[in-house]
Every structure is written in structure tokens, then in C-alpha cells.
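Mapped onto our numbering, the consecutive letters of the sequence shown carry residue numbers 23 to 808.
Note that the Cβ used here is the ideal one computed from N, Cα and C, for glycine as well.
The structure presented is a predicted model; accordingly, all values stated were derived computationally and were not measured.
A quick write-up on the structure given underneath.
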Amino acid sequence: MQPSCSCCEPLRWFICPPRPKPHSTNEAEYNLEDPQSLAAFLKYADIRLVRAGYLYDLRRKKRLLPRRQEAAEWGLVSHTEVSKWATGRRDAMIISISHAWETREHPDPCGDQLNRLVDRLCLYDAAYYSDIWVFYDYISLFQFERRTSAEEESFRRSMNHMHVLYAHDYSWTFRIEALTPRDVWDATLANAEHLVTVYDAASKTVRGRPLKELVPNRVPYQSRGWCKAEVEWSSCRSRSEQNRQIDAPDPDSGFESDVLQGKVPMAPEVFEEGMAKAEFTHRNDAAAVLQLQRKIFHQKVSECEELLLADLPKGELGQLAKALIHYKKLRVLRLRNIEVGEEEAKEFAKALTLNTTTTELEIQVSHSAQAECKALWKALADMLKANATVSTLNLGFNGIGAESLEALAAAVATNGTLTTIDLRGNDIGSEGCKALGQALKTNDTLTTIDLRQNIILAGGLKAIAEALTTNRALTTINLDYNGSGHEFLWEIQETLKTRKAFTKPNLAATIATQVSGFLAYLGVQEFGRPQQAQAWTGKVRIEALTSRLKSNTSSIITSLKIADRQIGFEDVKALADGLKTNRTITRIDLRRNHIGARGCEALAEVFVTNDTIATIDLEGNDIQDQGCKALAEALKSNAAITAIDLEGNGITDLGLKALAEALKINRTITKIDLSRNQIRNQGCEALAEALKSNAAIADLNLGRNRIGDDGIKALAEAWKINRTTIKIDLWNNPFGDESREAMREMSTNFDTIDFDNRWIMETRPEEDYWPGYWPDGPQGFHDYSL
């Protein structure tokens, strides 16, 4: 019998007739990238999608999921509506649900899956203008007993191509992996009034039966063969984000607001090893599952040209290394927010060495894992020495230091294929830049290099200028937002002026381009929404989400993430309105949006009275001093917030002074991230004064600011009194050896202290640093741009 969805296992317990024959060669094959092909399959098999509103209605009325035969017609999506969706005339998000059947007769006899599903769907439904249409086998397919030949044929056709719903690029998979909690199950067993409406084979009627009369199946989701198959089918899409576990537990703390749960498609031979221990109602079903997984894998992978894999935990890059040989047409590979181990880094690099199709490679490691990635950059450098196809390499915002850059530069010196390298937002410093300059003396293919935000001072810029006297290929180099060495910048500009591709943009245009490019890199337009899907626009509607937040009383929904969505002041103002009465949300993630100072002020009003929100991530929102002051005022009375991320918000000493005053009063915040701002000595001194009396701050990040010796010495003095801070990050600030020694004397107070200061080799008076976008930089130099 052809493999099916989760419903297949319990159905086999009922079905005695001969198994359907495999579909004939003249039966349709469905294109897994074409929405009209998905619509054609749904119509051909008479599969009905379920409106999210119908599921809400069932929960509101405290009813369980019905069979397809008993489902209300209004709750099912018509084939005409699906056809309109496929041609772009209807905006909808199609979601296939992967779940376990918890009894032989009914998949969700306690209503636990329905609750989990509704809790998640209602947020998607509120957040997007799109309709939400769901495939849930028990409602979408005709169930036993099927009494007409049409129902039987519909089921057969569905089974023959069930993978289409889980592997199609225009559908999503939501996985409910948890079984009903034991206490809920036991309480339902003991409740004589709780009846589960199911088909009763003995009486041949549909009637209510108590849970104790049903046949339970408490095998974990991860151990079920058909569930494993659905996970693998879903992993074969070209965007890993379209396969999500919706009941995954939240991380305990911190700003990483997603558990890394991305998954790489398994090569068939690897999948076969894992299936050996999987449980099936009929063990010989395993052969059918393996056969279909192999077919889907090769169908999807062999034709894939662009692959985006995100949120990968350790181990998944090793799986990609094994699968990469099967990607025969892969041109673009993007890996975002990943973790990687040393051995799998080597395996991945080795696989790329043998790859002959990929021309564009992007790697972005998760912030928390960047310190452990030296092995990855070394392996990647070794790959570049042998690979002859990669022409564009994007390694921006990875915390790559001078040592790793030296290894990459050595590869660039001999590589004859690379034309573009993006290294912006790293920490290569002058030493790394010198190594790159040396490589440019022999490389004759690179035309474009982006070195923005890399703490490069005069020595590094001088190396680039010298390299350009012999290098004739490079036409574009971006050195914005680095340090001093103005004379060498002018020299580089004069050299590039003689080359065809050179242009000198004005400052306003440069800033606009950089902001746009930075947001695009972080995924505002790509990450979180499938660009190819005309049928799903991904357009956010904040007002409906706000309404949902006002009425939400479910303790299950505790985290709100609207990162990288380009929401602005009006949106966040509406959102704040909803949060004023909400008492279930404990974590808010608004990273990399456009809320600005006014939006931050609106949120601050919420924090004055809200007593449930504990974690706030406002990274990259340009709240500046005005927004920081509003937050500071709110924190004087707020006793719930424990962690706040203000990285990259243009905060200067003025904003930090206000925050420091609040910290003299606030005693609940334990973690603050103020990295990548514009903080100098005076702001740091104010913070140090606050820390003398604040015994709550345990984790403080001041990395990549403008803090000099005076500020660091003030911190050192504060920690002679304050013994509670256990982690402090001061990396990439312009302080010298004396300050480093002062901090080192205090290091016994900390579990972790990071003051790896790559600016030390070229320490200069603070006013001699070119601050790039910092507004208080040398007058007249803002008009200079490369």
C-alpha cells in the first residue's frame, strides 16, 4: 500500500480488504513547486482543507474533531477557492498538520491537539491578512467506514500521493509532537461524561464512547514510522522554515527567542538507518516509507536551485554534507542562524570542495555560537583553495576575527573563482585586513569586497592601499564604519577612481543603501516569508493581532515574535495597546524592525503597568536616546522585566545615563545587552556608579562601543564593591593595556569576562577615531564615502 499520513496507522487496524495497488504509470505525477499542481491534486483526490475558523468554533463549543463525513460543510474549503488560490486570486496559507493518533478510533480524544493547534493558528490568523487553511487527516479525508465507491476512491487517491501535502513548496508543515499530558489523559479517563464521537464498528453507527472503551496508542511521535516519514517529506522543501514544531518548548532564558529546530533533508541511506527502530502497525510498511522517501528526496533535491536552511542546531550541517552530493543543480546555498560542530564543519567543507554547481554561498552563524566557529572558517578556507565554482561568498555578521580571516585570506590569494566577498559586520581588525591586503596582491579575480563595520584602523587601510598599487581587478570596496586612517582612505579612493566601476555615492544614499542591505541580509524580505508564493503574501495585520492579544487568556501563548517584519511606529503603537491588558505574554521579540524612539515610548507605557513581560528584545530598532530614556523611566517602576536587549540602537552617553539612573532603583533586571551602540566614557562611568549599588545585574554586554580607559577603570572600581555580576562582555572597545590589567584584577569576580580588544594594537586618543555613522564625529568628514 502506498504510504499515507498519520491517519494511515489507525486505519489499518480497521481495514481488512486488500491494499490498494500502487498507482499506475498513467496516473498523474504532481509538481512539488507549482501551486496549480497542488490544487489539482486536492481536487483529484477530493481532499478538503479545513478553515481555521471552524477549528476555533469546535474549541469554543468544547467539541472534538469530527470525521470528514460529519464535518460541517461551511468549515471546509471548496475546490473552487483552492483553484483561485493557485492562480493568485485568493491569499491563503496552506498548513499540513503532522501528528500522532492517540487512539485507534480517534486521533485526539481529549482535545489536547485541537487546543495546541488553535493556540498557534489564531496568532497566524490574526497576524496575516491571508486565510489559514489546514490539512488535518481526520477531517480532510473520508474515514472508515467509507460507504460509497466515491469515498473509497477519494481515500485511495489521497493515499497514493499524500506526500504532496507535506513536501510541496507552497504548503507548510506544523508538527504536534507532544502527546496529551498524562494528567489530562487520566482525568479524561475518569470523566464518565466525556464522550468521544467515533465510528463504532460493532453497531455500524457513529456514537459517543468514553475514552476507556477506545484503544490507546501512547507511542511517542518521534518513534512512529509514519510521523518520521512526514517529517522527512516536509524537510525536503527548499526553505526549512516551512517545517515547524508548533509545540516546541521555549528556551529557559536569554534573547535567542527560537529553539533551533531547523532540519536538513536526510540522504536516503541515512534515513534508512534511522527507520530501523521506528514503530509501525505493519512492519512491512517500512519498505513503502523508505521507497517513497527516496523518491521524494531525489525529486526535490535533484531539481533544487536555491536552498535556504535556517535555525539549524548542531548535527544538521553534517547531514547536509551527506546530502549535498545529491543537489545536482544547486546554484545558491544560504545557511542562516546555524550552530556547527568541528567535525561536521570539516565534513561540510569537504562536500563543498567536490561541489561543481554552487556559485553563491551565504553562511550566518547564530550569535550564541560564533565564539565556537574557528573550525568552520578554517575548513571553509581549505575548501576555497580547491573549489572552482563559488564566485560569491557572504560571511557578514559572524564575529570573524583576525586569526580566522588570515586563514580565509590565504585561500583568497590562490582562489581563481571568487569575484565578490561580503565580510561586513565582523571583527577582522587591522591585522585581518593586512592579511587580506597581502592576498589581494596576487588575487586577480575579486572585483567587490565589503568590509564595513570591521574596526579597521590605519594599519589595515594602509595594507589595502598598498595592495591596490599592484591589484588591477578590484573595482568596488566598502570601508564605511571603520576607524582612523583618513589619508589611506583618500589614497584608496584616488586609486579606484581610475577604474570603470568606481562611483562615489553621497552619504544619505550610502546610509539608505546600508540600512536596506542590512535588513535584507537579516531576512526582512526573505526570512519568514516564501517570496515565490504569490498565493501567500505574508502581509502582517497588526490590528487583528492586537485584538487577539487583548482577549487572549490562554497560558499556552506566552511568547510574541515579530522580528524582521518592517513594522513601524503605527504598528507598534497598536501592538502596545493590545499588551496593556494582556497578562499571558512573557517574552517579546521585535528585533530589527523600524519602531524608532516613538514606538519605544509606546512600549514603555506598557511596561509601567505590565507585570508579566519578562524578556524584551529590541535589537536594531533605532530607538536612540529618546527611546532609551522612555524605557529607563518605565524600568524605575517595573518589577517584572529581567532581560532586555538594546543592541544596535544608536544609544549614546545621554541615553545610558538615564538608564543608569533607573538601575539605581530597579532590582529585577539581571541581563542587559548594550552592544553595538555609541557609548563612550561618560555613559560607562554613569553605569559604573549605578552598579555600585545594583546587586541584580548578572550579565552585561558593552561590546563594540567607544569605551576608553576612563570608562573601563570606572567599571573596575564598581566591581570592587559589586560582587554579583558574573558575565561581562567588553570586546572591541578602544581601551589600552592599563585598563585591561585593571579588569583582569577583577576577573576573579566573574564566571566569564571577555575583553578581547583587537583595537589595542593601534590605540589612539579617543577623538582620533573615525566614528563613521556616529553623529559626533569629526566635522566635514561625513561627506566622505566609498
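Residue range of the alpha helix (DSSP H) that includes Met405 = Position 383 of the sequence shown, counted from the first residue, corresponds to residue 405. Looking at the DSSP string, the run of the alpha helix (DSSP H) that includes Met405 is Lys396 to Ala408.
Smallest Cα separation from Asp141: which of Thr606, Ile701 and Asp466?
-> The residue labelled residue 141 in the question sits at position 119 within the sequence shown. Per the Cα distances, Thr606.
Could you check the C-alpha separation between Ala310 and Val323 for me, to the nearest Å?
-> In the sequence shown, the residue the question calls residue 310 occupies position 288. In the sequence shown, the residue the question calls residue 323 occupies position 301. Each residue's Cα considered, the two are about 20 Å apart.
Report the residue from Asp333, Asp307, Val354 and Leu339 whose alpha carbon sits nearest the alpha carbon of Glu325.
-> One-based indexing of the sequence shown puts residue 325 at position 303. Per the Cα distances, Val354.
Please state whether DSSP places Ala384 in a helix, a strand or coil.
-> Locating residue 384 in the sequence shown gives position 362, counting from the first residue. First, the residue type needs correcting, since residue 384 is Glu and not Ala in the sequence shown. In this structure, Glu384 counts as strand in the three-state DSSP scheme.
Which of helix, strand or coil does DSSP assign to Asp280?
-> Indexing the sequence shown from 1 puts residue 280 at position 258. Because the pLDDT of Asp280 is 47, which lies under 50, any placement of that residue in the model is unreliable, and the question is left without a value.
Spell out the partners DSSP gives Ser581 in its beta bridges.
-> Within the sequence shown, residue 581 is the residue found at index 559, counting from 1. Arg609, per the DSSP bridge assignment.
Return the chain-ordered ranges of every beta strand (DSSP E) run that is complete within the stretch 301-386 and spans a minimum of 3 residues.
-> 328-332 and 354-360
Taking only the alpha-carbon atoms, compute the straight-line gap between Ile499 and Thr467 and give it to the nearest angstrom.
-> As a working note, residue 499 is residue 477 in the sequence shown. As a working note, residue 467 is residue 445 in the sequence shown. Looking at the two C-alpha atoms, the distance is approximately 14 Å.
Which one of Phe319, Gln283, Leu685 and Gly337 has the shortest CA to CA distance from Glu294?
-> Residue 294 sits at position 272 when you count from the first residue of the sequence shown. Of the listed residues, the one whose Cα sits closest to Glu294 is Phe319.
State the CB to CB distance for the pair Thr464 and Ala435, rounded to an integer number of angstroms; the pair is presumed to be in contact (CB under 8 Å).
-> The residue given as residue 464 occupies position 442 in the sequence shown. The residue given as residue 435 occupies position 413 in the sequence shown. The pair is a contact, with the Cβ atoms about 5 Å apart (cut-off 8 Å).
Per DSSP, the bridge partner or partners of Tyr221 = Position 199 of the sequence shown, counted from the start, is the residue given in the question as residue 221. DSSP output for Tyr221 lists Val228 as bridge partner(s).
Backbone secondary structure at Asp79 - three-state DSSP | On the sequence shown, residue 79 is found 57 positions in, with the first residue counted as 1. Asp79: helix per DSSP, three-state reduction.
Reference Gln341, options Leu314, Thr381 and Gly296, closest by Cα | On the sequence shown, position 319 is the one that residue 341 refers to. Closest by alpha carbon: Gly296.
Among the residues of its own chain, which have a CB less than 6 Å from the CB of Thr637, if the five just before and after it don't count?
-> If you number the sequence shown from 1, residue 637 lands on position 615. Within the same chain, Thr637 has close Cβ partners Arg609 and Ala665.
Any idea what DSSP makes of Pro131, helix, strand or coil?
-> On the sequence shown, position 109 is the one that residue 131 refers to. Residue state, collapsed to three classes: coil.
Own chain, CB closer than 7 Å to Ile119, minus 5 neighbours either side, in chain order | By 1-based counting over the sequence shown, the position of residue 119 is 97. For Ile119, where only same-chain residues beyond five positions count, the Cβ hits under 7 Å are Leu139, Val156, Phe157, Tyr158, Phe196 and Ile198.
Closer than 7 Å by C-beta to Asp269: which residues in its own chain qualify, once you throw out the five before and the five after it? Chain order, please.
-> Here the question's residue 269 lines up with position 247 in the sequence shown. These residues qualify, in order along the chain: Arg138, Ile198, Glu199 and Ala200.
Can you have a look at Leu87 and say buried or exposed, based on whether 16 or more other CB atoms are within 10 angstroms of its CB?
-> If you number the sequence shown from 1, residue 87 lands on position 65. Flag for Leu87 reads buried.
Note down the Cα distance separating His121 from Asp647, rounded to an integer number of angstroms.
-> Residue numbering aside, residue 121 sits at position 99 when the sequence shown is read from its first letter. Residue numbering aside, residue 647 sits at position 625 when the sequence shown is read from its first letter. Cα to Cα, the separation comes out at about 48 Å.
Buried or exposed for Ser100, please, with buried defined as at least 16 other CB atoms from any protein chain shown within 10 angstroms of its CB.
-> By 1-based counting over the sequence shown, the position of residue 100 is 78. The residue is exposed, with fewer than 16 neighbouring Cβ atoms inside 10 Å.
Other residues of its chain near Val72: CB distance less than 8 Å, five sequence neighbours each side excluded = Position 50 of the sequence shown, counted from the first residue, corresponds to residue 72. Ala93, Gly97, Leu98, Val99, Trp155, Val156, Phe157, Tyr158, Ile161 and Ser162, listed in sequence order.
Reducing DSSP to helix, strand and coil, say where Lys686 ends up.
-> What you label residue 686 is simply residue 664 of the sequence shown in a count that begins at 1. Lys686 falls in the coil class under three-state DSSP.
Ala122 - DSSP class collapsed to helix/strand/coil | Here residue 122 is taken as the residue at index 100 of the sequence shown, counted from 1. In this structure, Ala122 counts as coil in the three-state DSSP scheme.
Using DSSP with H/G/I as helix, E/B as strand and the rest coil, what is Lys651?
-> Stepping through the sequence shown from its first residue, residue 651 is reached at position 629. Here Lys651 sits in helix by DSSP.
If we call anything under 7 Å between Cβ atoms a contact, is Leu653 one with Ala626?
-> Taking the sequence shown and counting its residues from 1, the one referred to as residue 653 is at position 631. Taking the sequence shown and counting its residues from 1, the one referred to as residue 626 is at position 604. Contact: yes.
Anyone know if the C-beta pair for Ala367 and Ala397 falls short of 7 Å?
-> Residue 367 sits at position 345 when you count from the first residue of the sequence shown. Residue 397 sits at position 375 when you count from the first residue of the sequence shown. Contact: yes.
Could you name the residues of the same chain whose beta carbon sits closer than 6 Å to that of Ser388, not counting the 5 residues immediately before and after it, in chain order?
-> Walking along the sequence shown from the start, residue 388 turns up at place 366. Contacts found: Asn359 and Glu361.
Decide if Leu376 is buried, meaning its Cβ has at least 16 other Cβ atoms within 10 Å, or exposed.
-> Taking the sequence shown and counting its residues from 1, the one referred to as residue 376 is at position 354. By the neighbour-count rule (16 or more Cβ atoms within 10 Å), Leu376 is not buried but exposed.
Could you please give me the residues that DSSP links to Ile154 through a beta bridge?
-> Numbered from its first residue, the sequence shown carries residue 154 at position 132. Answer by DSSP bridge pairing, in chain order: Met115.
Cut-off 6 Å between Cβ atoms - residues of its own chain near Asp147, not counting five sequence neighbours on either side = As a position in the sequence shown, residue 147 is number 125, starting the count at 1. Here the set comprises Ala74 and Ile154.
Measure the C-alpha to C-alpha separation of Arg780 and Leu473 and round it to an integer number of angstroms.
-> In the sequence shown, the residue the question calls residue 780 occupies position 758. In the sequence shown, the residue the question calls residue 473 occupies position 451. Because Arg780 sits at a pLDDT of 35, beneath the cut-off of 50, its placement in the model cannot be relied upon, and the point is left open.
Skipping 5 residues on each side, what residues in its chain have a beta carbon closer than 7 Å to that of Leu601?
-> Counting from 1 along the sequence shown, the entry for residue 601 is found at position 579. The residues are Leu571, Ile607, Val628 and Asn632.
Do Arg698 and Asp675 have their CB atoms nearer than 7 Å?
-> For the purposes of this step, residue 698 is taken as the residue at position 676 of the sequence shown. For the purposes of this step, residue 675 is taken as the residue at position 653 of the sequence shown. In this structure, Asp675 does not lie closer than 7 Å to Arg698 by Cβ.
Mind the definition here: the stretch 177-192 touches the stretch 230-237 only if three or more C-beta pairs lie below 8 Å; say whether that holds.
-> no
Report the residue from Thr102, Gln321 and Arg726 whose alpha carbon sits nearest the alpha carbon of Phe419.
-> The residue labelled residue 419 in the question sits at position 397 within the sequence shown. The shortest Cα separation from Phe419 among Thr102, Gln321 and Arg726 belongs to Arg726.
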